[in-house]
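Residue numbers (the working numbering): 964 to 1222.
Note that the Cβ used here is the ideal one computed from N, Cα and C, for glycine as well.
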Amino acid sequence: MTVHLFDVAPLRPLGGGEVPTLALVVVDGDRVLAVDAGFPASVFEDPTLIGFERFFLRLPHRPEASLLHRLESIGLRREDLTDIVLTHLHSEHAAGIVDFPDAAVHVAATELETSRSGSLRARISYRSRFFAHGPRWRPHAGTGEWLGVGGCSWITDDVVLVPLPGHTVGHCGVAVRHGDAWLLHTGDAGYGDPRTGAPAAFPLAQYERISMAAPDLQATTRETLRLLAARDDVHTVSSHRYPPRLPLAVAEATERSPR
964 MTVHLFDVAP
974 LRPLGGGEVP
984 TLALVVVDGD
994 RVLAVDAGFP
1004 ASVFEDPTLI
1014 GFERFFLRLP
1024 HRPEASLLHR
1034 LESIGLRRED
1044 LTDIVLTHLH
1054 SEHAAGIVDF
1064 PDAAVHVAAT
1074 ELETSRSGSL
1084 RARISYRSRF
1094 FAHGPRWRPH
1104 AGTGEWLGVG
1114 GCSWITDDVV
1124 LVPLPGHTVG
1134 HCGVAVRHGD
1144 AWLLHTGDAG
1154 YGDPRTGAPA
1164 AFPLAQYERI
1174 SMAAPDLQAT
1184 TRETLRLLAA
1194 RDDVHTVSSH
1204 RYPPRLPLAV
1214 AEATERSPR
C-alpha cells in the first residue's frame, strides 16, 4: 500500500496567505481510493461554478491541482480511481467527484441526508450542482467501532469512516491503516493542535467558528480527537494545514507530489 498526500483545492482567503485542502490517495493493488476530492479542474478554470464562495475562497488559476491531474502525476488514470471517501460535502472537499462518475462515493448517511434537506443552511453550505450527475453514492449509517470510537463504518479492512461531527452534522474523519499505525484524516473537525488544544491561527480559527453547524457535537469531537492524537499509533492530518511532521507512511509520496 502507498499513501499520497495532495493539495487538491488551494485557497487564498483574505489575509490568510494560501491555505491547502489536503486529500489522501491510497493505492492498494487494483484498488485506488481517495479521501476527499477537492475541486474539479473546471472550477479552477471558472470559479463562478461555486457561486458566492468564490469571493472568499479566491482560487488561484491552477487546474493542475485538481485530483484528476494529481492522479496523472503519479501515473494513474481517471478510471483507476475506484472509491472516494468524503469527510463531508462542502464544495472544496466534494465537488471533484464530478470528474470520477464511475467511482463509488462513500459518505456518512447523515451528511448526505442533511445536504438534501432543503434547509437554509443546506442551501448555503452545499453546491448541489456537483451532485447532479448521479454519483454512485454509498451512504454509511455507522454501526462499527474503531479504537474505542463508536458509530464507525469500515469501508475496507484498512479504511474506516470515523464520526467527528460539529463542522457539519454528518462530518467524519477517515482512518487509513498503514503497517502497525493509522493515519487519520480529520477533515474540518478542527484546525488546532488536537494534542494540546492550542487553537488554529487566523484565518482558520475564525472560519472554524463561523462555519460550525453543531457546536454541541463539536465539544465531543474535540475530546475524541484529543484521545486519538495522544496514541502512538495514530497520526492526524487536518484538511487545511500541512502537518508539522508527516508520518513516515506518507512522507516519501508527498515529497514527490507537486503543490
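In angstroms with no decimal places, state the Cα-to-Cα distance between residue i and residue j.
{"i": "Gly1059", "j": "Phe1093", "result": "8 Å"}
{"i": "His967", "j": "Val998", "result": "10 Å"}
{"i": "Asp970", "j": "Pro1026", "result": "12 Å"}
{"i": "Gly1028", "j": "Glu1008", "result": "The sequence given here places Ala at residue 1028; Gly does not occur at that position. The straight-line gap from Cα to Cα measures roughly 11 Å."}
{"i": "Cys1115", "j": "Thr1011", "result": "36 Å"}
{"i": "Met964", "j": "Leu1052", "result": "27 Å"}
{"i": "Val1183", "j": "His1130", "result": "The sequence shown places Thr at residue 1183, rather than the Val named in the question. Approximately 12 Å, taken between the alpha carbons."}
{"i": "Arg1222", "j": "Asp1179", "result": "For Arg1222, the predicted model reports a pLDDT of 45, less than 50, meaning its position is unreliable; a value from the coordinates is still stated below. So the alpha carbons of these two residues sit roughly 35 Å apart."}
{"i": "Phe1019", "j": "Glu981", "result": "12 Å"}
{"i": "Arg994", "j": "Pro973", "result": "26 Å"}
{"i": "Arg1021", "j": "Ile1013", "result": "11 Å"}
So if DSSP puts residue i in a beta bridge, which residue, or which two residues, is it bridged to?
{"i": "Arg1099", "result": "Ala1067"}
{"i": "Asp1046", "result": "Leu996, Ala1067"}
{"i": "Gly1107", "result": "Cys1115"}
{"i": "Val1061", "result": "Per DSSP, none; premise fails for Val1061."}
{"i": "Val1197", "result": "Trp1145"}
How is residue i classed by DSSP in three states: helix, strand or coil?
{"i": "Ala1192", "result": "helix"}
{"i": "Phe1002", "result": "coil"}
{"i": "His1203", "result": "coil"}
{"i": "Phe969", "result": "strand"}
{"i": "Gly980", "result": "coil"}
{"i": "Ile1037", "result": "coil"}
{"i": "Ala1138", "result": "strand"}
{"i": "Asp991", "result": "strand"}
Does residue i get closer than 7 Å to chain D when you measure Cβ to Cβ?
{"i": "Ser1091", "result": "Any reference to chain D falls outside this structure, which holds one protein chain only."}
What first and last residue would you give for the alpha helix (DSSP H) that runs through residue i?
{"i": "Leu1146", "result": "Run containing Leu1146: none in the alpha helix (DSSP H); it sits in the beta strand (DSSP E), 1144-1150."}
{"i": "Glu1074", "result": "1072-1078"}
Please report the Cβ distance between residue i and residue j, rounded to the nearest whole angstrom; I am assuming they are in contact, meaning their Cβ atoms lie under 8 Å.
{"i": "Arg1033", "j": "Asp1062", "result": "Actually they do not touch by this definition, with Cβ atoms about 11 Å apart."}
{"i": "Leu1083", "j": "Val1068", "result": "The pair is not a contact, with the Cβ atoms about 25 Å apart (cut-off 8 Å)."}
Taking residue i as part of the beta strand (DSSP E), name the residues at either end of that continuous run.
{"i": "Leu1124", "result": "1122-1126"}
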